[in-house]
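Everything on this sheet refers to the single structure shown next.
Encoded structure:
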């Protein structure tokens, strides 16, 4: 037996490894879908409806067909029978109403941006030129645009459905046996306690990943190959089979380099389906790459909810009940998981607090706007925003510090595991520790002192401190739970490990990254588990022919679910290698133990490295009878529960009371995400998440005009923050490992986005509370802040969309409308 | 069609192009320089930033014919002899990228910024990168990367 070089100690987990992915990305050696060029490839340009709601009277394609280098023009009628249909994987109730959603409209369009024809040409520019020549005659229909109006059923988004209401879903703690009756709690509080009632608009947001979506379909092989800028190659493959009649085994989906997703590419898209149908029709490779304007207009949007909230508490600020009445805007269709997004928040409104009674009512409605689906956080930011704003209002009513009111109501660390009023069992956490650390980092008491001083002095620029003590649920999801919620698939994930003869290790994962650094983090995990070198591990993903099985990447699940499958596969490799190692070491298998990459015989210095076992297994000259010469292994891991990261975020905002201009001064967050695999990657996830949440608070909104045209349809108008708008953050961690996962991880992808929005708005309101302000509608533009200050001292929320920026009324005129209480 | 001749990443190239062809389209479609990417259609995102005669430009905002007779450097021409440029190295060191789509433009802009101002403050970096959008990093580590490059490579950071 050969003695192996000393195996690396188990130190990779927790190390701030620089990313394996970076060398290519830094030098432009990239494989974005739009980079692909295939022989004879044709290019597509979509013709889209300019109307929010219309029937298609006629389409004249003759001029386009005759344009230079145009190969074909295809309408919805042409491919009505072959194009398939866009699926909804999560009908939230058995009687959910949903219109058929053809990839390309056949006779009617239900939002501006819906595809009505496609031009196929030899170049993208020629296709786009010719698309201008397609003459579509529309007969306009009345459009319903506002979600609250939609709920009244006055104008119908889909007349055939006879209602805009898609589904009503309720969770009631009294019915579920997880808590008391919320109406009784509210009634009691009205008599001798505190009741806070609020209406909050969660404005429509656009995920706005940096890489526009692109899809290439090559139908020339035995398998039809699809490259797509998607988060979910496996689901795309399944859904194509399910809807087009092409067998799954004849479809290969590849997600090459994918430039961000944030839920926006957790989608099966009409454009993918149209491109697939066109490729099958013309039997040539075809490519479609959207423009940014098309992306903003027709890739799914997020949030778009109206919340009516009632919180009941005792006079000393102990919460007794929470009632949530939600209207969620589906847009024109029920997207892949669109209807279910609000339900991901249903279990989170109670957050870290011990509400004894809770009810969540959700009505999903159709409007003639772009359909909505997952956007970073997906349901949980809305819930967290609502409860964290309410807790601040409760603190104000009781007259105590916002942190004090939270402490009075949160689950203490001795109380874990804790089953909440929403029926979730939180396994671990320590809200006291995270809060104490955040307060210290922030210099909380000093900033409060400065705030008092500025108030007393009547400074023009006031200081506000915003608190957000959030939790979320990650690691989507236990399959049985998904089944109980009528979700159409499981929540497991899959991994395989191949031990190569040369000592290298291939790790095949079913999760599909788009910026998260899976190749680095998973290499660290496998390096520790198998005792091999970090650089000897190769992580493969994002191609259904390599990774045949997986549920892809979203919902902070890659590490919490995907990596758990990796760990289990690694353990199986060790178990399979052990009898072979024992055989080679001429020892009893029970006397062989594995540590730090080496199989050793107990009580001796005999042993061999796992790479040597892999080589011996490859040669297969000498191995035990009755087993296969194979130490590769696979694992499918189905989580037993969600994980529950939490944290305390503190934000200091300065507000110019003369102009309404807000400036972020400091942002401190302490997140408990369980065990950290790579602190560098975690830091990046937190920073990016924070800015997306801050952007909802301050800048972003998808704004439609009265005819249903998206007016924030370019990066000129949709205000993605820039480096000049943002600050550097101070991040810290406390660690309570998840007890449900072997690695102890809890997930971090969405934490920053979920936590930061209420921290920012709470800070703005806190800066202005002494002026009578108790709410500012998001995004908190200077105009809205200014109006809140000047609305007759009542602090009512400002009204209207973000644009136009100013009402025609005279500045200074009090807002007569609003949700101020 | 108009004939243009220019130098791209050190190589002399000559092509017939449509007068309306953008420099970024020329780089990607004619030269296969797909390291430079397109992120928007309104010249807001800066993902397509390259250097034209040593100064950063958004290549979606320059016609290919305007580059005739000039020298273009893309992200693919920044590393020399297999050695990353100090700014590329800094982005790796400080985790200044996640999905990597904005990265080519962000790095080309950062190099230009450091050429202009080898020792910027954080505020100067933030203003200097304002024309380049990133959705992943929240800019925190991008800013850190540029400051790291300035600190660790001194006057050389911006030198190509």
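Chains as they are written, first to last, in our numbering: chain A, 1 to 821; chain B, 1001 to 1160. Just so it is clear, CB atoms sit at the ideal spot from N, CA and C, and this is done for glycine as well.
- Using a CB distance cut-off of 8 Å, residue 786/A does not count as an interface residue toward chain B.
- Contact note: residue 514/A reaches chain B through 1099, using a C-beta cutoff of 8 Å and chain order.
- Counting only Cβ-Cβ distances below 7 Å, residue 1027/B has no contacts in chain A at all, with the closest Cβ about 10 Å away.
- In the DSSP assignment, residue 359/A forms a beta bridge with 172/A, 323/A.
- Contacts with chain A (Cβ-Cβ distance below 8 Å) from the segment 1071-1100 of chain B involve 1074, 1075, 1076, 1078, 1079, 1084, 1088, 1091, 1092, 1093, 1095, 1097, 1098, 1099, 1100, listed in chain order.
- In terms of CA proximity to residue 146/A, 332/A leads the group 178/A, 475/A, 576/A, 332/A.
- Residue 500/A carries a coil assignment under DSSP once its states are collapsed to helix, strand and coil.
- Per the coordinates, the alpha-carbon of residue 285/A lies some 50 Å from the alpha-carbon of residue 468/A.
- Across the structure, residue 1128/B and residue 1109/B are spaced so that their CA atoms are roughly 8 Å apart.
- In terms of Cβ geometry, residue 79/A and residue 277/A form a close pair [threshold 8 Å].
- Per DSSP, the continuous alpha helix (DSSP H) segment holding residue 441/A begins and ends at 431-442.
- The three-state secondary structure of residue 32/A, taken from DSSP, is strand.
- Within 10 angstroms of the beta-carbon of residue 1096/B lie 16 or more other beta-carbons, which makes it buried.
- Within chain B, no residue has its beta carbon less than 9 Å from that of residue 568/A; the closest one is some 27 Å off.
- With the criterion set as a beta carbon lying under 9 Å from some beta carbon of chain A, the members of the segment 1122-1140 of chain B are 1122, 1123, 1125, 1126, 1127, 1128, 1129, 1130, 1131, 1132, 1133, 1134, 1135, 1136, 1137, 1138, 1139, 1140, in sequence order.
- Pairing residue 512/A with residue 233/A, the inter-Cα distance amounts to about 8 Å.
- Contacts between residue 1044/B and chain A, judged by CB atoms closer than 7 Å, involve 715, 716 in chain order.
- Straight-line measurement puts the Cα of residue 704/A at about 14 Å from the Cα of residue 293/A.
- Boundaries of the alpha helix (DSSP H) around residue 617/A: 610-619.
- In this structure, residue 504/A sits away from residue 472/A, with a CB-CB distance that is not shorter than 8 Å.
- The segment 487-503 of chain A makes contact with the segment 560-580 of chain A, as at least three CB pairs between them are under 8 Å.
- Put simply, the CB of residue 209/A is near chain B, with a gap under 8 Å to one of its CB atoms.
- In summary, residue 552/A is buried, with 16 or more beta-carbon neighbours lying within 10 Å of its beta-carbon over all protein chains present.
- Under the Cβ distance rule, residue 722/A counts among the residues neighbouring chain B, one pair being separated by less than 8 Å.
- Out of 51/A, 121/A, 304/A, the CA that lies nearest to the CA of residue 696/A is found in 304/A.
- Here residue 1073/B is buried, its C-beta having at least 16 other C-beta atoms within 10 Å.
- Taking the C-beta atoms as reference points, residue 1126/B is found nearer than 8 Å to residue 724/A.
- The beta carbons of residue 98/A and residue 85/A sit no closer together than 8 Å.
- A Cβ of chain B is located within less than 8 Å of the beta carbon of residue 681/A.
- Cβ-Cβ separation between residue 224/A and residue 237/A: approximately 10 Å, too far for a contact (criterion under 8 Å).
- Taking a beta-carbon distance threshold of 8 Å, residue 1067/B does not count as an interface residue toward chain A.
- Among the residues facing chain B, residue 638/A is not included, as its CB has no counterpart in that chain under 8 Å away.
- Put simply, of 1020/B, 1060/B, 1153/B the residue whose alpha carbon is nearest the alpha carbon of residue 1046/B is 1060/B.
- When DSSP reads this structure, residue 470/A sits in a beta bridge with 647/A.
- Look at residue 148/A here: in three-state DSSP terms it is helix.
- Identification of residues in the segment 1007-1024 of chain B having a C-beta nearer than 7 Å to some C-beta of chain A yields an empty set.
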